[in-house]
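Residue numbers (full-length UniProt numbering): 1 to 306. Report on one structure; see the data block that follows.
This is the structure:
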């Protein structure tokens, strides 16, 4: 099984699309050996991934219905948890699904309530509500053990999910993990600006990743998020954790991943910094690192199970 899976990794179609040579890696070699395959030259951009999974909705009594796409396959499955107001159709989510398809592993991607194709009002969203969304996906859609991949704010939520569902969450991969970041950034504002945000009810947070140049964050979202901060005490997560972060990240400092690594109880934690990557980490080498990390954890978990 291990040999067949590794052959699938080597033959993964997007690698050829990027113009990269991917060689089979034996089961005795880990992430370090995989990373050695990442080329130094800039490869060609990959073609847009075709969405072959159909859009479905998770109906929940008294809660907004969640839009999701589920790829059936082997365990452990992969669940992608998006960033703040991000959709399930982003570059990382689609690349992960294509990679899981090449290995025959299950994969789920979804939109938070109030975001994308899901029901609900984004202005009424809170971190607590999105935490419930993640747990609904794990409880009602995911079969067997899961690896959670959390991007930015999704990395904050993946930690909460691992705390709440330790029996199903077998490993975590954080991409620019934004644990506590929104609350921390708000608390660092001048007193006058914080009072102005409280009066208006909205914080227009500058961001080059928004088409409008700002993210209009509800004050109620920030205040509710204060109840979900994790970095002030040990984080009771014991599974393997991999934290990927770009050192050019101007939204979430890479030091945040170091703080998470220090706070979690798990002893199996790696922090991987990319010197020239930004917050989104969606360039070709970033995506290849991400899927290699997923593959390495699948291999590790399969070894533990067997």
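Using N, Cα and C, we set each Cβ at its ideal position, and we do this for glycine too. Here the structure is a predicted model, which is why all the values come from computation and not from measurement.
Is residue 110 near residue 147, with beta carbons less than 7 Å apart? No, Cβ-Cβ distance for residue 110 and residue 147 is not below 7 Å.
I'd like the list of long-range same chain contacts for residue 80, defined as Cβ closer than 6 Å, with 5 residues on each side in sequence excluded. For residue 80, where only same-chain residues beyond five positions count, the Cβ hits under 6 Å are 93, 96, 109, 149.
On the DSSP bridge list, what partners appear for residue 240? Bridge partners of residue 240: none, in fact.
Looking at C-alpha atoms only, which residue of 64, 225, 298 is the closest neighbour of residue 242? Among 64, 225, 298, the Cα nearest to that of residue 242 belongs to 298.
In chain order, which alpha helix (DSSP H) runs of at least 4 residues are fully inside the segment 234-299? You should have 255-263.
Taking the beta strand (DSSP E) that residue 75 belongs to, which residues open and close that run? Run containing residue 75: 74-81, per the beta strand (DSSP E) assignment.
Tell me whether the beta-carbon of residue 58 lies closer than 7 Å to the beta-carbon of residue 71. No. Outside cutoff.
Continuous alpha helix (DSSP H) stretch holding residue 131: start and end: According to the DSSP assignment, residue 131 belongs to the alpha helix (DSSP H) that extends over 127-140.
Under a Cβ-count criterion, where at least 16 other Cβ atoms within 10 Å of its own Cβ denotes burial, should residue 240 be classed as buried or exposed? Buried is the label assigned to residue 240, since at least 16 other Cβ atoms lie within 10 Å of its Cβ.
Go to residue 68, then tell me how far its beta strand (DSSP E) extends in each direction, as first and last residue. Note, residue 68: beta strand (DSSP E), 63-71.
Using the Cβ count rule (16 or more neighbours within 10 Å means buried), how would you classify residue 245? Buried, since its Cβ has 16 or more Cβ neighbours within 10 Å.
Of the choices 168, 90, 282, 131, whose alpha-carbon is the least far from that of residue 227? The shortest C-alpha separation from residue 227 is found at 131.
Proximity to residue 199 [Cα-Cα], best of 283, 144, 252, 218: Closest option to residue 199, Cα to Cα, is 218.
From the DSSP secondary-structure annotation, give me the bridge partner or partners of residue 308. Outside the displayed range of the chain (1 to 306) lies residue 308, so it cannot be described from this structure.
Using 10 angstroms around the beta-carbon of residue 44, count the other beta-carbons present and answer buried if the total reaches 16, otherwise exposed. In this prediction, residue 44 scores a pLDDT of 30, lower than 50, which makes its location untrustworthy; no coordinate-derived value is stated.
Where residue 321 sits in the DSSP three-state scheme: Absent from the structure is residue 321, since the part of the chain shown begins at 1 and ends at 306.
Just confirm the distance between the C-beta atoms of residue 144 and residue 175, as a whole number of angstroms; I'd bet it's less than 8 Å. Actually they are not in contact, since the Cβ atoms of residue 144 and residue 175 sit about 23 Å apart, beyond 8 Å.
Any idea what DSSP makes of residue 215, helix, strand or coil? Residue 215: strand per DSSP, three-state reduction.
Would a C-beta distance cut-off of 7 Å place residue 103 and residue 134 closer than the cut-off? No, they are not a contact pair.
Using the rule of at least 16 other Cβ atoms within 10 Å of the residue's Cβ for burial, across every protein chain shown, is residue 55 buried or exposed? By the neighbour-count criterion, in which a residue is buried when 16 or more other Cβ atoms sit within 10 angstroms of its Cβ, residue 55 is exposed.
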